[in-house]
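*Asks:* Starting off with a structure, shown below.
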């Protein structure tokens, strides 16, 4: 037995690299000299979730050496390990309902480490769930502990999929000792009667016993199912015997199923045919049993230039034509269509959109449209070039300024004229100013009394006409 060599490694307590390296060295040396190794854990997983619980990997190429994964969606525990030839072997252990949001204990035994074949046993909640024998041996002789990396799923489960409350490895010992770590009261083979039977008969007998235990569990569940089926059949039998509607009964209702048109009320009647249907829905005409759609467009409810669309049980008018405005009209029934006709009124574009024609031009509103005419009185131009005041700097023909003056448009819209340099006058009329004193060399035919229209004597400094 492995009693004196039993060691328990608390995986979740490994906080630094040094502690992890010591644990890996102990585990690696134990795999080569011990017969059994146990993985003991307590986990809580949400429904249909899972992940890697424990694993040993090669530091260099990250290949799997030994990995234990929980497959919550299919209720399996997946064991993958590297064989002696370096290839990966996969073992599926069934009957592991761990992903239900509750806490479960798990004990995984890997036996026969020093034999030619490996065996595995899975215990879930202190009950044998599945086992396997005659498995390929674990290939550990080609590596040393320095190249082995240990990983566990504590952080993954805590953040995403659940929680790992306990995770440890027992090197050697028995199932009873490993079960004690998960509070499972397994019977110790060293104190039970015939304690040497397991050692003599080997792992094959253990696997057979495990399968028998599973078979007994299935039989127990089947017995419970049969009891439930007997109760249900008895209830059905009593219901049939006590059923009153199974014999003579009153005639069925004439209104079930409803013989009237969809949406029409049915009332039972003593007269043939035993029922009476109400009026057809709005937009339909008929006797209540058969109703046909009314063509509301036949009474012309829409504007003359709008489209009338007849639908099942109603109608609708398209929007008013361009240049006309009116509220949308839709409804059902001929009477509604006669009383609610679409009205489209002309839109006065000249009033609502004064910018449709050029500024200072004539806009003429028409039915559904508009026309742009010529310039308003006092303005010259067209719709392309624009309309300008007759007295304007832009109208070359009616420029009020002298040919030797500049025309200016003030902010108020007023037109002012100023003679060019070398010329003097009131801007409308300019004469030469040889000495550039702001006065013309000779009198100008100006109508205003501004001094720019008269020459001033230099000696008198007063205004006097020539």
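In my numbering, the protein residues as written are 1 to 466.
Just so you know, even glycine gets a beta-carbon here, dropped at the ideal spot from N, CA and C.
None of the values given here were measured: they were computed from a predicted structure.
Using the three-state DSSP reduction, which class does residue 147 fall into: helix, strand or coil?
*Replies:* Stepping through the chain shown from its first residue, residue 147 is reached at position 147. Note: residue 147 maps to helix in three-state DSSP.
*Asks:* So the candidates are 387, 322, 290, 337; which of them puts its Cα closest to the Cα of residue 310?
*Replies:* Counted from its first residue, the chain shown places residue 310 at position 310. Per the Cα distances, 337.
*Asks:* Counting only the same chain and skipping the five closest in sequence on each side, list residues whose C-beta sits under 6 Å from that of residue 49.
*Replies:* Residue mapping note: residue 49 aligns to position 49 of the chain shown, counting from 1. Excluding sequence neighbours, residue 49 sits near 72, 99, 161.
*Asks:* Counting Cβ pairs closer than 8 Å, one from the segment 32–50 and one from the segment 106–113, do we hit at least three?
*Replies:* In short, these stretches touch, since the Cβ pair count reaches three.
*Asks:* Does any C-beta atom of chain C lie closer than 8 Å to the C-beta of residue 269?
*Replies:* Given the protein chain composition of this structure (a single chain), no chain C is represented.
*Asks:* Helix, strand or coil, according to DSSP, for residue 98 in the structure here?
*Replies:* Sequence index remark: in the chain shown, residue 98 carries index 98 (1-based). Note: residue 98 maps to coil in three-state DSSP.
*Asks:* The beta strand (DSSP E) spanning residue 6 covers which residue range?
*Replies:* In the chain shown, the residue the question calls residue 6 occupies position 6. Careful: residue 6 lies outside any beta strand (DSSP E) and carries neither H nor E.
*Asks:* Out of 144, 91, 129, 77, state which residue places its alpha-carbon closest to the alpha-carbon of residue 25.
*Replies:* Locating residue 25 in the chain shown gives position 25, where the first residue counts as 1. Cα-wise, what sits closest to residue 25 is 144.
*Asks:* Could you tell me if residue 303 is buried or exposed, where buried requires 16 or more neighbouring beta carbons within 10 angstroms of its beta carbon?
*Replies:* As a first step, residue 303 must be located in the chain shown, where it is residue number 303. By the neighbour-count rule (16 or more Cβ atoms within 10 Å), residue 303 is buried.
*Asks:* In terms of alpha-carbon separation, which member of 96, 102, 75, 56 lies closest to residue 81?
*Replies:* For the purposes of this step, residue 81 is taken as the residue at position 81 of the chain shown. If we check each option's Cα against that of residue 81, 56 comes out closest.
*Asks:* Am I right that residue 329 and residue 340 are in contact with their C-beta atoms under 8 Å? What's the rounded C-beta distance?
*Replies:* Sequence index remark: in the chain shown, residue 329 carries index 329 (1-based). Sequence index remark: in the chain shown, residue 340 carries index 340 (1-based). Confirmed, Cβ separation roughly 6 Å.
*Asks:* Beta-carbon within less than 7 Å of residue 360's beta-carbon, same chain only, minus the 5 sequence neighbours each way: which residues are those?
*Replies:* Taking the first residue of the chain shown as position 1, residue 360 is located at position 360. Answer for residue 360: 375, 376, 379, 387, listed in chain order.
*Asks:* Helix or strand or just coil, what does DSSP make of residue 436?
*Replies:* Position 436 of the chain shown, counted from the first residue, corresponds to residue 436. Correct three-state label for residue 436: coil.
*Asks:* From the DSSP secondary-structure annotation, give me the bridge partner or partners of residue 310.
*Replies:* Here residue 310 is taken as the residue at index 310 of the chain shown, counted from 1. DSSP, once it has assigned bridges, lists 315 as partnering residue 310.
*Asks:* Thinking residue 94 and residue 130 are a contact (beta carbons under 8 Å), I'd like their distance in whole angstroms, please.
*Replies:* Residue numbering aside, residue 94 sits at position 94 when the chain shown is read from its first letter. Residue numbering aside, residue 130 sits at position 130 when the chain shown is read from its first letter. Residue 94 to residue 130, Cβ: 5 Å. Contact.
*Asks:* Use the C-beta contact count for residue 170: other C-beta atoms within 10 angstroms, 16 or more gives buried, fewer gives exposed.
*Replies:* For this step, residue 170 is matched to residue 170 along the chain shown. When all chains shown are included, residue 170 counts as buried.
*Asks:* According to DSSP, is residue 207 helix, strand or coil?
*Replies:* Counting from one through the chain shown, the residue named residue 207 turns up at place 207. It is helical.
*Asks:* Kindly list the residues whose CB is nearer than 7 Å to the CB of residue 280, restricted to its own chain and excluding five residues on each side of it in sequence; keep chain order.
*Replies:* The count along the chain shown starts at 1 and reaches residue 280 at position 280. Closer than 7 Å at the Cβ level, and outside the excluded window around residue 280, lie 261, 264, 286, 288, 291.
*Asks:* For residue 90, which three-state DSSP category applies?
*Replies:* Within the chain shown, numbered from 1, the residue matching residue 90 stands at position 90. Strand.
*Asks:* Identify, in the order they occur along the chain, each residue of the same chain with its Cβ nearer than 8 Å to the Cβ of residue 196, setting aside the five sequence neighbours on each side.
*Replies:* Start at 1 with the first residue of the chain shown, and residue 196 comes out as number 196. Any reading at residue 196 is ruled out, since the residue's pLDDT is 44, under 50, leaving its predicted position unreliable.
*Asks:* Under the three-state reduction of DSSP, which class applies to residue 131: helix, strand or coil?
*Replies:* If you number the chain shown from 1, residue 131 lands on position 131. In this structure, residue 131 counts as strand in the three-state DSSP scheme.
*Asks:* Around the Cβ of residue 77, are there at least 16 other Cβ atoms within 10 angstroms (buried) or fewer (exposed)?
*Replies:* Locating residue 77 in the chain shown gives position 77, counting from the first residue. Buried.
*Asks:* Roughly how many angstroms separate the alpha carbons of residue 172 and residue 46, rounded to a whole number?
*Replies:* Working through the chain shown from its first residue, we reach residue 172 at position 172. Working through the chain shown from its first residue, we reach residue 46 at position 46. Each residue's alpha carbon lies about 32 Å from the other.
*Asks:* Thinking C-beta only, is residue 430 closer than 8 Å to residue 399?
*Replies:* One-based indexing of the chain shown puts residue 399 at position 399. One-based indexing of the chain shown puts residue 430 at position 430. Not a contact, by the Cβ cut-off of 8 Å.
*Asks:* Report yes if the CB atom of residue 167 is closer than 8 Å to the CB atom of residue 65, and no otherwise.
*Replies:* As a first step, residue 167 is located in the chain shown; it is residue number 167 there, counting from the start. As a first step, residue 65 is located in the chain shown; it is residue number 65 there, counting from the start. Against a cut-off of 8 Å, the Cβ pair of residue 65 and residue 167 comes out as no contact.
*Asks:* Report the partner residues of residue 387 according to the DSSP bridge assignment.
*Replies:* In the chain shown, residue 387 corresponds to position 387, counting from 1. According to DSSP, which records beta bridges pairwise, residue 387 is partnered with 381.
*Asks:* Who pairs with residue 406 in a beta bridge, going by DSSP?
*Replies:* Position 406 of the chain shown, counting from 1, holds the residue named residue 406. Answer by DSSP bridge pairing, in chain order: 418.
*Asks:* With distances taken Cα to Cα, identify the nearest neighbour of residue 44 among 70, 63, 150.
*Replies:* Taking the chain shown and counting its residues from 1, one reaches residue 44 at position 44. Comparing Cα positions, the closest option is 70.
*Asks:* Drop a sphere of 10 angstroms on the beta-carbon of residue 152, count the other beta-carbons inside from all chains shown, and report buried for 16 or more, exposed for fewer.
*Replies:* As a first step, residue 152 must be located in the chain shown, where it is residue number 152. Counting Cβ neighbours within 10 Å, residue 152 comes out buried, since at least 16 surround it.
*Asks:* If you draw a straight line from the alpha carbon of residue 253 to that of residue 276, how long is it in whole angstroms?
*Replies:* Position 253 of the chain shown, counted from the first residue, corresponds to residue 253. Position 276 of the chain shown, counted from the first residue, corresponds to residue 276. Near 12 Å, if we compare the C-alpha coordinates of residue 276 and residue 253.
*Asks:* Rounded to a whole number of angstroms, what is the C-alpha to C-alpha distance between residue 119 and residue 205?
*Replies:* Stepping through the chain shown from its first residue, residue 119 is reached at position 119. Stepping through the chain shown from its first residue, residue 205 is reached at position 205. Straight-line Cα distance between these residues: approximately 11 Å.
*Asks:* Determine, using beta carbons only, whether residue 383 and residue 366 come nearer to each other than 8 Å.
*Replies:* To locate residue 383, count along the chain shown from 1; it is residue 383. To locate residue 366, count along the chain shown from 1; it is residue 366. No, they are not a contact pair.
*Asks:* Need the endpoints of the beta strand (DSSP E) that residue 425 sits in, please.
*Replies:* Within the chain shown, residue 425 is the residue found at index 425, counting from 1. Taken as a continuous stretch (DSSP letters only), the beta strand (DSSP E) holding residue 425 covers 423–425.
*Asks:* Name the one or two DSSP bridge partners that residue 365 has.
*Replies:* Locating residue 365 in the chain shown gives position 365, counting from the first residue. For residue 365, which the question treats as bridged, DSSP gives the partners 370.
*Asks:* Take residue 67 as the anchor and find which of 60, 75, 51 has the nearest alpha-carbon.
*Replies:* The residue labelled residue 67 in the question sits at position 67 within the chain shown. The shortest Cα separation from residue 67 among 60, 75, 51 belongs to 51.
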